[in-house]
Amino acid sequence: MTEIENTTAAFVLGGREWRSRLIVGTGGFRSLDEMERALEAAGTEIVTVAMRRVDPLAKGSIIEALDRLGVEVLPNTAACYTARDAVRTAQLAREALGTDWIKLEVIGDDRTLFPDAVELVRAAEELIADGFVVLPYTNDDPILARRLEEIGCAAVMPLGSPIGSGMGIRNPYNLAIIVEQAGVPVILDAGIGTPSDAALAMELGCDGVLLASSIFRAADPVAMAGAMRKAVEAGFEARGAGRIPRRLHATPSTPDEGLANLG
Amino acid sequence: MKVELNGHGVDVREGATVADLVDRAGAAAGTKGVAVAVDGEVVPRSAWEATRVAAGQGDEESEAMQGG
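In the order they appear, the protein sequences are chains A and B. Under our numbering, the first sequence has 194 at position 176, and the numbering climbs by one with no breaks. Under our numbering, the second sequence has 60 at position 57, and the numbering climbs by one with no breaks.
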């Protein structure tokens, strides 16, 4: 039997084992009800939330909705542009939600929403020293990914393409290098447009996929959530199954011996 | 006295505590999932009742919202 990767291997993130490799962001759902149904269809066990000023006019509480689903809440530092803001936001999130997990985002500019590498590393170092489990949203840069792992991040989360762009994975070769060298889970974060993008991320060796826009901006978010679940599972299983090599020319799947002579 | 609550000037009684300001902010889920920073420093929930705010201080109250 040829050696294949063990597709039943557990997904361990932040010291815990998870069945689902799909992490879903909660931003942008049209209602909490739609969000709950989509998260259920996605089969996700970890969802991200943002921290914002208390809004007395807010309709319903996302925390109550997520409690009902029994999912792990992963706060993020979305919309932070400096290490200082990101660290403060992470500290507020820890106090508010009682978790030391943080999806660290430090944004460079509002046009690309690309990470600011310098501020990102700075914030990650501070948060790790303060006891956080840091899951950084990062560029598809293998060297930066390695640095983030070296300073103690619990995972690296490279983008496939800009947040919300739906452009998929623009540099699969860099992603493959990140996966090849990583000793922590690699989670493709940002850019997924459609299930085949999510499947590709898994086929390239990612341990998980984090997405939001591709579900909540779909015409039918609940149906898309179900499709994403299958795509992540299919990509992961396909990777374990070992794909055939690409070849320029055909290879017959049917032997030509015993073919009738039809003159 | 006047303090800043989430960026807005509000009048509160002398000796008001962080807990008073949390009530005033009126989060949908009550105080669950709310965190407070006074002048940039996080005040742990266990210290809300005992922490008085001073005139002119900035009180920021955050909670989890939908977000990617």
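For each residue, glycine too, the CB sits at the ideal point set by N, CA and C.
Item: Inter-residue spacing [alpha-carbon to alpha-carbon] between Glu-17 of chain B and Ala-57 of chain B; Value: 8 Å
Item: Rounded Cβ spacing between Asp-225 of chain A and Val-240 of chain A (contact assumed at less than 8 Å); Value: At roughly 25 Å, the Cβ-Cβ gap does not stay under 8 Å, so Asp-225 of chain A and Val-240 of chain A are not in contact.
Item: Partners in chain A for Arg-49 of chain B, counting only beta-carbon separations shorter than 8 Å; Value: For the record, residue 49 of chain B in the displayed sequence is Ser; it is not Arg. Chain A residues near Ser-49 of chain B: none, gap ~10 Å exceeds 8 Å.
Item: Three-way DSSP call (helix, strand, coil) for Asn-9 of chain B in this model; Value: coil
Item: Distance between Arg-264 of chain A and Met-19 of chain A (C-alpha atoms, nearest Å); Value: With a pLDDT of only 40 at Met-19 of chain A, under 50, the local geometry of the prediction cannot be trusted, and the value read off the model is given with reservation. C-alpha separation (whole angstroms): 21 Å.
Item: DSSP bridge partner residues for Thr-156 of chain A (one or two, in chain order); Value: A:Pro-176
Item: The segment 62-81 of chain A: positions lying closer than 8 Å to chain B by Cβ; Value: Thr-66, Val-67, Ala-68, Met-69, Arg-70, Arg-71, Val-72, Asp-73, Pro-74, Ala-76, Lys-77, Gly-78, Ser-79, Ile-80, Ile-81
Item: Listed by chain order, chain B residues near Phe-47 of chain A by CB distance under 9 Å; Value: Gln-69
Item: Residue-level contact to chain B via CB, Ile-22 of chain A, 7 Å cutoff; Value: With a pLDDT of only 47 at Ile-22 of chain A, under the threshold of 50, the placement of this residue in the model should not be trusted; the figure read from the coordinates follows. Not one chain B Cβ lies under 7 Å of Ile-22 of chain A.
Item: Of the residues A:Leu-84, A:Ser-214, A:Arg-39, the one placed nearest Lys-35 of chain B, counting alpha carbons only; Value: A:Leu-84
Item: CB contact check: Gly-29 of chain B to chain A, cutoff 7 Å; Value: yes
Item: Separation of Ala-59 of chain A from Gly-281 of chain A, as counted between CA atoms; Value: 58 Å
Item: Neighbour flag for Ala-83 of chain A against chain B, beta carbons, 7 Å; Value: no
Item: CB contact check: Glu-113 of chain A to chain B, cutoff 7 Å; Value: yes
Item: Continuous beta strand (DSSP E) stretch holding Val-25 of chain B: start and end; Value: Segment 21-28 is the alpha helix (DSSP H) holding Val-25 of chain B; no beta strand (DSSP E) there.
Item: Proximity test, Cβ basis, 7 Å: Leu-166 of chain A and chain B; Value: no
Item: Neighbour-count burial assignment, Glu-123 of chain A, 16 or more Cβ in a 10 Å radius; Value: buried
Item: Terminal residues of the alpha helix (DSSP H) in which Val-105 of chain A lies; Value: 101-115
Item: DSSP-derived helix/strand/coil call for Asp-128 of chain A; Value: coil
Item: Span separating the alpha-carbon of Glu-144 of chain A from that of Tyr-155 of chain A; Value: 16 Å
Item: Spatial distance of Gly-12 of chain B from Asp-159 of chain A (CA atoms); Value: 45 Å
Item: Chain A within 7 Å of Gly-36 of chain B, Cβ atoms only; Value: yes
Item: Extent of the continuous alpha helix (DSSP H) to which Glu-52 of chain A belongs; Value: 50-60
Item: Min CB distance Gly-43 of chain A to chain B below 7 Å; Value: yes
Item: Nearest-angstrom Cα separation, counted from Tyr-99 of chain A out to Val-105 of chain A; Value: 11 Å
Item: Inter-residue Cα distance where the pair is Asn-94 of chain A and Gly-186 of chain A; Value: 22 Å
Item: Cross-chain neighbours of Leu-110 of chain A in chain B, by beta carbon under 7 Å; Value: Ala-38, Ala-40, Val-45, Ser-65
Item: Supposed contact pair Thr-117 of chain A and Val-152 of chain A - C-beta distance, whole angstroms, cut 8 Å; Value: Actually they are not in contact, since the Cβ atoms of Val-152 of chain A and Thr-117 of chain A sit about 12 Å apart, beyond 8 Å.
Item: Met-68 of chain B in three-state terms, based on DSSP; Value: strand
Item: Residue from B:Ala-38, B:Thr-54, B:Val-45 whose Cα sits closest to the Cα of Ser-65 of chain B; Value: B:Ala-38
Item: Buried or exposed (CB count within 10 angstroms, at least 16 for buried), Ala-28 of chain A; Value: exposed
Item: CA nearest to the CA of Lys-121 of chain A, picked from A:Gly-253, A:Ile-233, A:Gly-223, A:Gly-43; Value: A:Gly-43
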